[in-house]
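Some notes on the structure that comes next.
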Amino acid sequence: MTLPTFEPGTPVVPVVAPGHGLALAWGSSTWATRTPDPVGTLAQLEASHPRWVWWRARDTATGWIAAGLRPRSCWDLGAVGRLVHGLDRDDPAATWAAAHGLPLPDPAEGALTLLDLEGEGPEPVRADGQLSREWLREGWCSDLESAQRWAGLALQVHIRQSAEVARLPDARPAPSTPSLPHLTALSESMAALLAVELEHDGLAIDRDVLEAFLTATVGPRPRSDADEVASRRARDELVWRHFGGDPMDLRNPATVRDLLARHGIAVPDTRSWRLEAYAADSPGVAALLTWRKTERIATTYGWSWVERDIAGDDRLRGQWSAAEGAGRMTASAGLHNMPTELRPAVRPPAGRVLVRADLGQIEPRVLAAVSGDRALAAAAGEDDMYAPVAAALRSDRATAKVAVLAAMYGQTSGPAGEALRDMERAYPVAMAYLREAEAHGRRGADLRTYGGRLLRLSHLADRLARSGGADSTLAHSYGRFARNAMVQGAAAELFKAWAATVRAGLADSDARIVLCLHDELLVECRADDADRVSGVVIEGLARTASWWAGGSAVRFVADVATVRDWSQAH
DNA sequence: TCGGTCACGTA
DNA sequence: CGTACGTGACCGAG
């Protein structure tokens, strides 16, 4: 068997048809082979450095990753569909429809009965231009010829997406080739692949450390339902005894509010920040706040979490998405909201370490870059950009920070109000950028981020409409969302571009990115490899920033440290 | 059983 | 009336 070879970077669609073999499509060619080991063949093909084009990494690359193959380059049609068309889903039916300007098919059509399939012909594309539901339900893997056709369809979508990306404006002060939207499409694609890898690799947990913490905090691992009930009651009693000792439902906010009212504490709700003020004078409130923290650990990060999400190899695994909402990565299994007290338990086995890197002040720096505000960009030349901002506002650092954050979040009242007026004077270009975004949001007009992500305000409208609220409140909400999403979304794009560069720098070693947390990257590696990895992380940021913010003079800074566990400071 | 609400963790 | 997200408990409607 002679394998095809490609020029490096050639877009090639691989389709593995289980039980049949492997089909490829590229340019105007297709090729197929019957092989029991398609991933082995793919590994050989990888040597010529194609750019793999797939419907979505989750469907195609999961098996590759499991087999140890780490592709170096890809174009993820689903990820690019999310980016360019603002989709909130990445299934092939939606990706195809968006690329062809067709209405999005009902997402529930994946679950069909045979009866529903009546009228679906044998062709992969229906008369109305949509993908055949039969084909979507893995009709493409029935034989190699179908697999080749399926690969050809993906290639068509790639051509359409590439053309669409090429039409998007390059928002950099000094546009160059490849364009910023093109580079963003590539890094979003890599992020989608990274999401599959993160799911596969997991995050190392020191079970002894974790179990000792849980035992001390919520009690030993329950051996029965009765154990569970007893331990729950024991926690509750620590609060009850401050309020007369009678059992009551602490998990019901209304009950808690009435309870507090009977003891002379009248509050509109029982949120912790509100109760904080009463804790000093009321041991009962203090006990309640402690109970809340413990209860959070017990329910969300307790023994059931350990059982469900930490595998036998002592690694925590969740589902990752490369872009939700404004474009940030998300993860389940608590990976993105793990309380800091649990971080000591994030600890690789002996001989391995974590290289922890986080971007400093990423959002204001991103604002400086995307808005093209030269004064703010000059401030972003400093390690601590709030210092020059404070000087410009003639305020202290704390006020400057609040003012910048208030501008990006759309806050208009409170102590930030006055500083915001100074912001308008000092950084009119950045403020105009944010105001413009807000205006779009208020009237429900779509926006595009710096890198080209379409922010569909109409989708948000549905969500907010369901939650009710007066029209002016609604418009305000859209405005604040849009204002923030332009910054948060662009920051997410920079972060993913950085992560993709770091990932590439780690190839050919056993170092792995194991966590992405909006502005923080965790790499697990051998202890004797940590210095090299730190270099890859720092160098990766410099290289990424040079094209991402090229010409803006904005500096991006990262704190990098090698640590044994995640709790250790920089 | 499902969606809404409250609550709270991370960034 | 500062943003985003994921998770869990509870409630009330179906």
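Take any residue in the first sequence, count from 1 to its spot, add 4: that is its number in this note's numbering. Each residue gets a CB set at the ideal place from its N, CA and C atoms; glycine is no exception. Treat the numbers as computed from the prediction; the structure is a model and nothing was measured.
Restricting attention to alpha helix (DSSP H) runs no shorter than 4 residues, the region 397 to 460 encloses them at 401 to 413, 420 to 430 and 432 to 446, ordered along the chain. A direct Cα-to-Cα measurement between residue 382 and residue 557 gives close to 7 Å.
Burial check for residue 552: the Cβ neighbour count within 10 Å reaches 16 or more, so the residue is buried.
Under the three-state reduction of DSSP output, residue 179 falls in the coil class, being neither helix nor strand.
Between the C-alpha atoms of residue 438 and residue 411 there is a straight-line separation of about 8 Å.
For residue 192, no beta strand (DSSP E) encloses it; the enclosing alpha helix (DSSP H) starts and ends at 184 to 205. In this structure, DSSP gives residue 25 an extended state, which the three-state scheme calls strand.
The beta carbon of residue 547 lies closer than 7 Å to those of 505 in the same chain, with the five residues before and after it left out. For residue 218 and residue 306, the gap between their C-alpha atoms comes out near 7 Å. Inter-residue distance for residue 512 and residue 72 is about 12 Å (C-alpha atoms, whole angstroms). Contact between the region 309 to 322 and the region 172 to 190 is absent, with fewer than three C-beta pairs closer than 8 Å. Residue 324 is bridged by DSSP to 335. When only Cα atoms are considered, residue 76 and residue 569 end up about 29 Å apart. Taking the Cα positions, residue 242 is about 8 Å away from residue 295.
Excluding five sequence positions before and after residue 290, the CB atoms of its chain that fall closer than 7 Å to its own CB belong to 283, given in chain order.
A distance of 8 Å or more separates the beta carbons of residue 486 and residue 522. A distance below 7 Å between beta-carbons, with the five flanking residues on each side excluded, links residue 59 to the following residues of its chain, in chain order: 81, 82, 96, 99 and 158. Within the region 506 to 548, the complete beta strand (DSSP E) segments of 3 residues or longer fall at 516 to 520 and 524 to 530, listed in chain order. Classified as exposed, residue 233 has fewer than 16 neighbouring CB atoms from the shown chains inside 10 Å of its CB.
Excluding its 5 nearest sequence neighbours in each direction, residue 386 has C-beta neighbours in its own chain below 7 Å: 392, listed in chain order.
Secondary structure at residue 174: coil, using DSSP grouped into helix, strand and coil. A distance below 8 Å separates the beta carbons of residue 152 and residue 36. Here the region 450 to 464 lies against the region 492 to 510, with 3 or more beta-carbon pairs under 8 Å apart.
With 16 or more other Cβ atoms from the protein chains shown falling within 10 Å of its own Cβ, residue 368 counts as buried.
Residue 278 sits exposed, since fewer than 16 C-beta atoms from the chains shown fall within 10 Å of its C-beta.
In this structure, residue 358 lies away from residue 339, with their beta-carbon atoms at least 8 Å apart. For the pair residue 555 and residue 413, the Cα-to-Cα distance works out to about 26 Å. Contact annotation, residue 541 with residue 258: C-beta distance approximately 49 Å; criterion of less than 8 Å not satisfied.
C-alpha of residue 41 to C-alpha of residue 66: approximately 15 Å in a straight line. The beta-carbon distance between residue 426 and residue 380, rounded to whole angstroms, is 13 Å. This is too long to meet the 8 Å contact definition.
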